[in-house]
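Each residue of the sequence shown is one higher than the one before, starting from 179 at the first, in the working numbering.
Take a look at the structure below.
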Amino acid sequence: MKIAFFDSGMGGLTVLNEAMKQLPNEEFLYFADTLHV
């Protein structure tokens, strides 16, 4: 399963890191909106 994160700059990497620890066999996509941080 692919799990996607859309980050607006408010802690998304922290949430992604924890999700990767909890679900190590899943595939993750991470999109960061650095323009509007």
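Note that the Cβ used here is the ideal one computed from N, Cα and C, for glycine as well.
For residue j and residue i, the rounded distance between their alpha carbons
i      : j      : result
Gly187 : Thr212 : 7 Å
Glu205 : His214 : 26 Å
Thr192 : Tyr208 : 12 Å
Lys199 : Asp185 : 18 Å
Asn203 : Glu196 : 13 Å
DSSP state of residue i mapped onto helix, strand, coil
i      : result
Glu204 : coil
Beta-carbon spacing of residue i, residue j below 8 Å
i      : j      : result
Ala210 : Gly189 : no
Phe183 : Leu194 : yes
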